[in-house]
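**Q** Can you keep this structure in mind? I'll have questions shortly.
In mature numbering (1 follows the signal peptide of the UniProt record, and there is no 0), the protein residues as written are -40 to -1, 1 to 223.
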């Protein structure tokens, strides 16, 4: 009778077992990563923009394309589409600055600047097209505002665009304001106020906000274009003007004011 000898496998060193488990784990992780990459690359739906934005357009007399004006139309054409692209704006609303901005009949509907499409290439073309539409609508709003009674209620325009601010303390809101910020309505003319000292500016701001209301723009990012242009090389008057608006917008309203697009 032939006797078969059964050989038991040699015991494995614990270190070898650990190395084998690590190799299996790495192989599994690599497979998952490749699968995820393939899914992302093969997707026809790129990520959508989500930023909420606002555009405020000054149609007062100082916005004209004249020697003493700041040419609101030219500044819109030069900055608006760049702003919308830089900030990756999606829902975008518009507001005019007129003699009585809150009650102005001038309006254009909000736009979705990142409409749905199935392919990445189409998405970029659609965004570019919609930014051009936004410029066209802003120019329509400007022309309407320029036909209204002369005046410049800047604070009212800011209050009107504030109605489009997303709810919640952490909600982000980017606002382009094409205006020289020379407030001049029936009840308040900035050029006639005493802005010479910090104390006098505080008094003026208190009275101004009490009569005109405070825009709900806390936490918003405001980007002026044409700001203070009427003062030209008059450094002293510009500094008083700038101190007034800085205290009002940043100190009182709690907005963040940027010079990125200031011209």
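The beta carbon of each residue, even a glycine, is placed where N, CA and C say it ideally should be. As the structure is a computational prediction, the values presented were derived from the model and not from experiment.
What are the boundary residues of the beta strand (DSSP E) that includes residue 12?
**A** 11 to 18 is the extent of the beta strand (DSSP E) around residue 12.
**Q** Shortest alpha-carbon distance to residue 136 belongs to which of 74, 18, 10, 22?
**A** Considering only alpha carbons, the answer is 18.
**Q** Hey, residue 14 and residue 53 are a contact pair by Cβ (cut 8 Å); roughly how many whole angstroms apart?
**A** Contact flag correct, Cβ pair sits at about 5 Å.
**Q** For residue 205, which residues of its own chain have a beta-carbon under 7 Å away from its beta-carbon, when the five flanking residues on both sides are left out?
**A** Excluding residues within five positions, the ones whose Cβ falls inside 7 Å are 141.
**Q** In the DSSP assignment, find the unbroken beta strand (DSSP E) run with residue 55 in it and report its ends.
**A** 49 to 57 is the span of the beta strand (DSSP E), which, as asked, contains residue 55.
**Q** Given a threshold of 16 other Cβ atoms within 10 Å of its Cβ, counted over all protein chains shown, does residue 149 qualify as buried or as exposed?
**A** The residue is exposed, with fewer than 16 neighbouring Cβ atoms inside 10 Å.
**Q** Can you tell me which of 182, 27, 199, 40 puts its alpha carbon nearest to the alpha carbon of residue 93?
**A** Of 182, 27, 199, 40, the residue nearest in Cα terms is 40.
**Q** Give me whichever residues DSSP pairs with residue 40 in a beta bridge.
**A** Note: residue 40 sits in no beta bridge, so no partner.
**Q** On a CA-only basis, which of 153, 180, 110 is nearest residue 124? Give me that one, please.
**A** When only C-alpha atoms are compared, the closest one is 180.
**Q** So, helix, strand or coil for residue 68, using DSSP?
**A** Three-state DSSP puts residue 68 in coil, outside helix and strand.
**Q** So residue 35 packs on residue 108, CB below 8 Å; how close in whole Å?
**A** Not a contact, Cβ separation roughly 19 Å.
**Q** In three-state DSSP terms, what is residue 166?
**A** In this structure, residue 166 counts as helix in the three-state DSSP scheme.
**Q** DSSP puts residue 133 in a beta bridge; with which residues?
**A** Answer is 12, bridged to residue 133.
**Q** Who are the Cβ neighbours of residue 105 in its own chain at under 6 Å, not counting the five residues just before and after it?
**A** These residues qualify, in order along the chain: 19, 56, 58, 66.
**Q** Closest to residue 44 by CA distance: which of 147, 91, 176 is it?
**A** Per the Cα distances, 91.
**Q** Which of the three DSSP states, helix, strand or coil, is assigned to residue 227?
**A** Residue coverage of the chain in this structure runs from -40 to 223, which leaves residue 227 outside it and unanswerable.
**Q** Apply the 10 Å Cβ neighbour rule to residue 22 and answer buried if 16 or more other Cβ atoms are within range, or exposed otherwise.
**A** Per the 10 Å Cβ criterion, buried.
**Q** What are the partner residues of residue 216, as DSSP defines its beta bridges?
**A** In DSSP, residue 216 forms a bridge with 181.
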